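Residue numbering for the sequence shown follows my numbering, starting at 9 and increasing by one per position. Every residue, glycine too, gets a C-beta built ideally from N, C-alpha and C. Remember, it's a predicted structure, so these values are computed and weren't measured experimentally. First comes the structure, then the notes that go with it.
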Amino acid sequence: MEKSEWIWMDGEFVAWDDAQVHVLSHGLHYGTGVFEGIRCYETEAGPAIFRHKEHLQRLRNSGEMYYLPLPYSVEEIREATHELIRRNGMTSCYIRPIAFRGYGEMGLYAKSAPVNVVIAVWPWGAYLGEESKRTGIRAKVSSWRRISPAGLIPHAKASGQYLNSILAKTESANAGYDEAILLDERGFVCEGSGENIFIVRDGELITPPHVAAILDGISRKSVIQIARDLGYTVVERDIARSELYIAEEVFLCGTAAELVPVREIDDHVIGDPGEITRVIQAKFEDALHGRAPEYAEWLDVVEIPSKVTT
């Protein structure tokens, strides 16, 4: 991990190496935390955070679902993030806000333990590699199922829940694949270990619905809107595992990975990135980098003060 200079912790800017928490913090022991993955891109208008408010609202919603009331408003966290990017001199970066129960009380019911909020920014390239966005990846359907809504809350981006994704990702990596695809508890296609999934069949774009235990992906929402604006039919429905093998195209999307074609699943060859994937990927990249004026509202520009010369 490449360091930056400053981290924001509960209203204070702290040097990177000094940003520490107590070993008896509740979130470390029980996974009681919620977080977001957000990206800031260099654009002609300056550093711009992609769909920033939507991400921060999801952070607040995740906290609400897990009884973690954030002690800061969405706007306060937004402003802190802008200042953090400025102080670190970033033109582009990955942004990780996290809220977690800190030090103060142990046990499963520990409402007196404070909710701490931290924001970090640092340089981080595409999660699955820049080459993956051009050539596609090999994926494996995991033997581990996606967490069930009967036991946890898939719609929340909660820290402890990612043990599920870690199991799937580790299994696929140990088997020589780039990524894992998880099925839901019913056996239908759900998502990647850190991305939502789309397939193309008969020229239609198909993606699993919310009842498939997916994370309500912000990149997913963006891709759906872009695809429909481009004239493609988008269908949200259950997808059988077998459909992955006979799909015309498959791709994954998420903040960390961006939009990544899938060229092979369980040693079934899907093929090189297809035309629909490429068209949507190009427009999505334009939206991220401020080259698509029709999606300018998705960008939260960080104002950088002009240098005054004397």
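Query: Any chain D beta carbon closer than 9 Å to P313; Result: The structure shown has no chain D; it contains just one protein chain.
Query: Selected residue, minimal CA-CA separation from I15, among R142, W130 and T241; Result: W130
Query: Alpha helix (DSSP H) runs contained entirely in the stretch 206 to 248, provided each spans 4 or more residues; Result: 226 to 237
Query: Alpha-carbon to alpha-carbon, A304 and N172; Result: 35 Å
Query: Cβ shell of V243 (< 6 Å), same chain only, five flanking positions each side left out; Result: E212 and I214
Query: Range covered by the beta strand (DSSP E) that runs through L190; Result: E187 to L191
Query: Nearest-angstrom Cβ-Cβ length linking I222 and C198, presumed shorter than 8 Å; Result: 6 Å
Query: Coarse secondary structure for G144, derived from DSSP in three states; Result: coil
Query: When T40, S12 and W152 are compared against A27, the one with the closest alpha-carbon; Result: S12
Query: For M9, the first and last residue of its enclosing alpha helix (DSSP H); Result: Unbroken run through M9: none, as it is neither H nor E.
Query: Rounded C-alpha distance that separates D294 from L116; Result: 45 Å
Query: As assigned by DSSP and simplified to three states, the class of I93; Result: helix
Query: Exposure of A176, with buried meaning 16 or more beta-carbon neighbours within 10 Å; Result: buried
Query: Between the CA atoms of A255 and E10 - distance to the nearest angstrom; Result: 38 Å
Query: Assigned exposure category for S120 - 16 Cβ within 10 Å defines buried; Result: exposed
Query: Simplified DSSP state of V29, which is helix, strand or coil; Result: coil
Query: D192 to E91 span [Cα, whole Å]; Result: 40 Å
Query: Cutoff 8 Å; reference P77; Cβ partners in own chain excluding five residues on either side; Result: G71 and V123
Query: Closest Cα partner of N182 within the set G112, R146, R95 and E266; Result: R146
Query: Pair within 9 Å by beta-carbon distance, W152 and E179; Result: yes
Query: Proximity below 9 Å, CB of A264 to CB of E203; Result: yes
Query: Sufficient close CB pairs (3 or more, under 8 Å) joining the stretch 31 to 49 to the stretch 96 to 104; Result: yes
Query: Straight-line Cα distance separating Y74 from W24; Result: 28 Å
Query: Same chain only: Cβ atoms within 7 Å of D18, ignoring 5 sequence neighbours per side; Result: N124 and V125
Query: Distance CB(Y111)-CB(V29) smaller than 9 Å; Result: yes
Query: 9 Å Cβ cutoff met for P269 and K141; Result: yes
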